[in-house]
Amino acid sequence: NNVDFRHRLYFPAGFAGNSINEFIPIANPGNQAANYRVVLYYETGEQVQIIRGSSNGGVRSIAPGARAGVQLSQRGIGARLDVRQGVGYSVVIESDQPLAASLSRFDFGVTTGEAFTSQTSASWFFPRVERQPGAVSDFITLYNPNNFSLNVVLTAYTEDGQQIVIERRGSGALPANRRGGFAIDNLDQLPIGTFAVKIETSPRNSANNDAFIGIVGAMTHFNEAEGHGFSTLGDPDGGAVAGAITNVTRGNGTSSQIAIFNPGAASAVVNFVGSYFAGSLPDFQRSFQIAAGSVRFVSAAQLGLTNNQSAGVRYTSNLPVAILTNQIRRGDADAALASTQAGTTAFFGAAYLTPALAGVNYFENLSLYNPAGQSINVNVQFLFTNGNSATTTVNIAANDFRSLELHTLSALLTAPGRTPEYSMIVTSSSPFASSFNRYDLGLGGGWATNGAPFGLFNPISAILA
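Heads up: the sequence shown is residues -16 to 448, going by this note's numbering.
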């Protein structure tokens, strides 16, 4: 075919099996029809597979403002569309127009979900990684989109400032166009407990330095002892000096933890200001000093939240820090990096609500942050699988937060021609940050994501300046 696949979206951690439902919703927020294909890059064996199905050589089309997608694994059946079962793969969506996508996986009561990214980087930063053999299984998954093999260096950073370095420099460290990574439990050099990790990569052959475009990194956390887990992309920038946690809860059956990772060579002072979604309570403030090359884990109570309340929290720091919020609730867990950039469009896929069970089995929240010095309107478009749509508009005060309980939102639940499955395209004329969390008690799990970015983004630090 003559399709110019000049745009790519990446997610490193796919897996198909008999117990797994794995979905990839895809949206076209643009104003032109797009052609795309879904390509898998396996960890072992056959290297690459184009998901063909009944389409023309694997090429599918998606209309402007429409939702599409693919299911790679189905519980009770296993792998679909000739996907190789039991072998890890990275997913790449290639297209001739910019798209947005996410992945959600349901596996025996542990649900994980995350947005695809278009960003590659030589280094990826993970604020919270855990090693508890026999109780917790954490995996850092890497995808190498280069046509040459790479060296990989893992550095773990503890709360007390220790740094443990593990190097992989052989031919199999991270082969060309392959998925790879680390099973954290198998790394005996690492301590028992929780720490932060930095991944650094470089070409094995220095002649490839100019062609090197970086990699993509994600982490999956499974707490088998307690029956919950989450998946999150790493931070490709090494943190930022300003950002926002768009939704964190203390109490109400939720256990929340904020990991603050300072990978730098000097101490960082991080100042937090929180605003409750229940507007009658005053803002709260806390400051923490994070030693050079270390991580600190802070509870919602230590952050300053009142019990049984939810809030958005913005922060500034004298040095870049990477922050991740992990929340255990409703029988599972979710996690999301703090937002450090704001844009005018975001996509959220794999949402599902029925009016009868909304707020009973299904709980979904969309949280928004406006870093600007004036109020803004944010439009939320709900895309249903039959082509219908509905819209609601949210006003957010200057430098403030809003959270929508979608499972109680009349504009969504009573929309004409709605379907249970839907996606969201969120837009505004002014940059905003956003996150979405979803819990399905019928399938026994939940997840959170900052959404799939689309278009141009600005650092929050530049907007606040």
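Think of the CB as a built atom: it goes at the ideal place given N, C-alpha and C, for glycine as much as any other residue.
All values derive from a computational prediction rather than experimental measurement.
- Spatial neighbours of E150 in its own chain (CB-CB distance under 7 Å, excluding positions within 5 residues in sequence) are listed in chain order as V136.
- Between the segment 259 to 278 and the segment 202 to 219 there are fewer than three inter-stretch CB-CB distances shorter than 8 Å, so the stretches are not counted as touching.
- Within the same chain, Cβ atoms closer than 8 Å to the Cβ of Q30 are found at Y24, N160 and R161, the five residues on either side in sequence being excluded.
- Counting only unbroken stretches of 3 or more residues, the beta strand (DSSP E) elements lying wholly within the segment 232 to 292 are 238 to 245, 251 to 259, 267 to 273 and 277 to 282, in sequence order.
- Spanning the alpha carbons of V180 and A166 requires a straight line of approximately 13 Å.
- Look at the segment 351 to 403 and you find these whole runs of alpha helix (DSSP H), each 4 residues long or longer: 393 to 396.
- Taking the C-beta atoms as reference points, S358 is found nearer than 7 Å to A381.
- The Cβ neighbour count for E347, taken over all protein chains shown within 10 Å, is at least 16; the residue is labelled buried.
- Straight through space, the alpha carbons of D(-13) and I241 are spaced by roughly 42 Å.
- As DSSP reads the structure, N134 sits in a beta bridge with S185.
- Residue pairing by DSSP places E5 opposite S56 and R88 in a beta bridge.
- Sequence-distant Cβ neighbours of F280 in its own chain, meaning closer than 6 Å and more than five residues away, are Q240 and A242.
- Counting along the chain, I446 sits inside the alpha helix (DSSP H) bounded by residues I443 to L447.
- With contacts defined as CB atoms closer than 7 Å, H211 and A316 qualify as a contacting pair.
- The criterion of a C-beta distance shorter than 7 Å is not satisfied by G287 and F260.
- Judged by DSSP secondary structure, E150 falls within the beta strand (DSSP E) whose first and last residues are Q146 to R151.
- Under the Cβ criterion (8 Å, minimum of three pairs), the segment 180 to 197 counts as touching the segment 124 to 136.
- Distance from the CA atom of R(-9) to the CA atom of E207, rounded to whole angstroms, is 34 Å.
- Linking Q57 to N1 through their CA atoms gives a straight-line distance of about 7 Å.
- Distance from the CA atom of P338 to the CA atom of L396, rounded to whole angstroms, is 6 Å.
- For S78, the uninterrupted beta strand (DSSP E) segment begins and ends at Y72 to S78.
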